[in-house]
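Just so you know, the protein sequences line up as chains A and B, in that order.
UniProt numbering numbers the first residue of the first sequence as 1 and each following residue consecutively.
UniProt numbering numbers the first residue of the second sequence as 1 and each following residue consecutively.
C-beta: ideal position from N, C-alpha, C; glycine also.
Keep in mind it's a predicted model, so treat the numbers as computed, not measured.
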Amino acid sequence: MANEKVKLHGFWVSPFANRVKWALKLKGIEYEYMEEDVWNKSNLLIQLNPVYKKVPVLVHNGKVILESFLILEYIDETWNQNPLLLPQDPSQRALTRFWAKFAEEKIFEAAFNALCSHGDEQKKAVQLTMEAMEKIEGELKGKQQFFGGESIGYLDIILGWISYMLPVFEEVGSVQILDPVKFPATIAWSNRFLNHPVIKDTLPPKEKMLVYFQERRHIISCANLGWIKF
Amino acid sequence: MAESSDVKVLGSWPSPFVLRARIALHLKSVNYEYVEENLESKSELLLKSNPVHKKVPVLLHGGNSISESLIIVQYIEEVWSSAAPSILPSNPYERAISRFWAAYVDDKWFNALRATLLAEGEEAKKAALAQVEEGLALFEEEYEKLSKGKPFFGGDEIGYLDIAIGCFLVWIQVIEKFSEMKLIDEANTPRLFQWADGFSSHVAVKDVLPDVEALAQFGLKLRAKFLKTPQ
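Laid out in structure tokens, this is it:
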């Protein structure tokens with residue numbers, strides 16, 4: 001589609017913005033990337049997303065689309081060439097959406113809390129993360145390559161942060177979550193995901209992530225403030 | 001067209017989320033069996049159909065078990081896609097807008113609504129009410145943009161966002177009763193006020209809305225139980 005103006009507002013370490021990058025690249029969609037400093041938000045970002053003031057924001061021919069889950073569906077529906085991100089069958093679509101919601105609510109939040117908490121609070125967060133990951137491990141059993149089948153799909157993209165960001169959380173928080181005995185299918189999937197040509201060139205540098213999250217852990221005191229959104 | 005035995009909804013009468021599933025089925029003229037669950041003593045069927053969350057609503061259809069109300073509504077739209085009306089707009093951008101506001105309802109607004117009922121102390125309650133009003137002001141604005149002069153967010157007919165917000169209307173009446181203030185009224189939210197009337201009296205909605213008095217009683221019980229439980 002020539003002359004389609006696509007702009008993605010993101011933040012280098014945001015796993016949510018990265019999802020959109022992956023989707024655009026998988027579909028072969030040309031786009032302009034705009035780095036936002038989420039710690040010093042631009043007026044433009046606030047204008048584009050007044051309700052949440054967050055990235056990612058996709059602007060397509062002047063239309064503003066927000067929320068990574070919704071941006072992915074928008075991309076799939078607007079550029080409906082292969083690869084299709086969501087399955088065609090309604091019950092498979094429902095299951096995909098279900099697991100995406102589950103993973104975001106139960107795995108990401110708990111893992112982020114494991115990153116920045118201490119002691120018993122952290123132990124609890126690790127336990128909750130692993131309990132939730134057991135369900136995803138179950139879903140991966142018997143899957144060929146990816147949740148999406150032969151190619152990367154919506155659920156792979158949503159869960160993709162596990163492959164490159166969760167190990168950083170583990171290192172910074174000094175915890176182990178990705179136990180190879182408990183999660184062999186997840187780890188195998190994670191390695192395939194990381195080696196995918198579209199994915200491996202769009203990851204933030206590990207050293208930079210370590211520094212960033214070490215700072216976050218320092219600043220955030222999860223024990224005092226409770227569950228904090230990324 | 002599905003036989004009523006093919007489609008089942010597991011629900012609970014006070015739940016606004018269950019209403020979403022039922023309204024969507026009514027809009028598509030799908031016959032279904034409604035099963036009232038006792039949430040204090042969940043059925044084997046419910047536990048088996050939604051093992052992850054063990055919650056209502058659950059839609060059972062031809063061997064499929066679908067959970068999470070907005071996911072159920074989208075499923076209904078996609079399965080019965082040839083039945084009018086369309087629940088979601090056909091244009092991807094407009095779909096994204098409907099989904100955005102429905103997600104806002106569930107991710108942000110619902111917590112405030114819940115807090116108006118369950119919050120301890122006047123300060124917390126006031127803060128929650130303020131947040132509910134903030135949300136309603138946003139919906140008032142969006143309604144003007146999205147309805148384009150028609151009766152519903154979805155246009156001529158009830159759509160995804162009407163369902164996502166409208167399912168809470170009786171709960172809003174309960175909260176208005178308890179807090180002795182109006183949240184949706186002709187003065188502050190004139191468009192929503194009219195919309196609420198149209199939504200509540202719609203043929204796909206009116207027979208499944210709970211009775212305000214019964215819901216208020218339920219609300220009191222819920223609050224009492226919640227405040228007793230250590231948080």
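Coil, strand or helix - residue i by DSSP
i	result
residue 232/B	Residue numbering for chain B in the displayed model covers 1 to 231; residue 232/B lies beyond these limits and cannot be assessed.
PHE100/B	helix
VAL73/B	helix
HIS218/A	helix
LEU118/B	helix
GLU35/A	strand
PHE193/A	helix
LEU27/B	helix
GLU131/A	helix
LEU222/B	helix
LEU60/B	strand
GLY160/A	coil
SER43/B	coil
TYR52/A	coil
HIS9/A	strand
LYS206/A	helix
ILE46/A	helix
LEU49/B	Residue identity differs from the one stated: residue 49/B is Ser in this sequence, not Leu. Helix, per DSSP.
ILE29/A	coil
GLU171/A	helix
SER14/A	coil
TYR32/B	coil
LYS63/A	strand
LEU58/A	strand
ILE66/B	strand
Test: residue i CB closer than 9 angstroms to a CB of chain A
i	result
ARG99/B	yes
SER67/B	yes
GLN131/B	no
VAL58/B	no
PRO151/B	no
VAL174/B	no
LEU138/B	yes
GLU123/B	no
THR229/B	no
GLU157/B	no
ALA103/B	yes
PRO92/B	yes
VAL79/B	yes
ILE184/B	no
ILE71/B	yes
residue 295/B	Nothing can be reported for residue 295/B: it is not among the residues displayed for chain B, which extend from 1 to 231.
GLN74/B	yes
VAL30/B	no
ASN64/B	yes
ALA96/B	yes
VAL7/B	no
Other residues of its chain near residue i: CB distance less than 8 angstroms, five sequence neighbours each side excluded
i	result
LYS125/B	ALA115, THR116, ALA119 and SER179
ILE228/A	Reliability fails at ILE228/A, whose pLDDT of 49 lies under 50, so the model's placement of it is uncertain and the value that follows must be treated cautiously. Result list for ILE228/A: PHE112, ASN113, CYS116, ILE220 and CYS222, in chain order.
LYS42/B	LYS54
GLU36/B	GLY11, SER12 and TRP13
ILE177/A	ALA111, ALA114, VAL126, THR129, MET130, MET133, LEU166, PHE169 and GLU170
LYS148/B	GLY155
ALA24/B	ILE72, VAL73, ILE76, GLU77, ILE87 and ILE163
Any C-beta of chain B under 9 angstroms from that of residue i
i	result
PHE69/A	yes
ILE65/A	yes
VAL51/A	yes
HIS60/A	yes
GLU77/A	yes
GLU73/A	yes
Sequence-distant residues of the same chain with beta carbon closer than 6 angstroms to residue i, five excluded per side
i	result
GLY10/A	ALA17, VAL55 and PRO56
ALA224/B	none
TRP12/A	PRO204
GLN194/B	none
ARG20/B	SER69, VAL73, ILE163 and CYS167
ALA112/B	ALA128, GLN131 and VAL132
HIS60/A	VAL6
TYR74/A	ILE65
Contacting residues, own chain, Cβ-Cβ under 7 angstroms from residue i (five flanking each side not counted)
i	result
ASP162/B	PHE152, PHE153, GLY154 and PHE199
SER68/A	PHE16, ARG19, VAL20 and PRO56
LYS200/A	LEU194
Selection of the UniProt domain "GST C-terminal" (89-212) of chain A by Cβ proximity to chain B, strictly under 7 angstroms
PRO90, SER91, ARG93, ALA94, ARG97, PHE98, LYS101, PHE102 and LYS135
Within the stretch 66-153 of chain A, ranges of the beta strand (DSSP E) (whole runs, at least 3 residues)
none
Closer than 8 angstroms between beta carbons: that is the criterion. Which residues of the stretch 11-26 of chain B meet it against chain A?
none
Give, in chain order, every unbroken run of the alpha helix (DSSP H) that is at least 4 residues long and sits entirely within the UniProt domain "GST C-terminal" (91-231) of chain B.
92-104, 110-118, 122-147, 160-166, 169-179, 190-200 and 212-228
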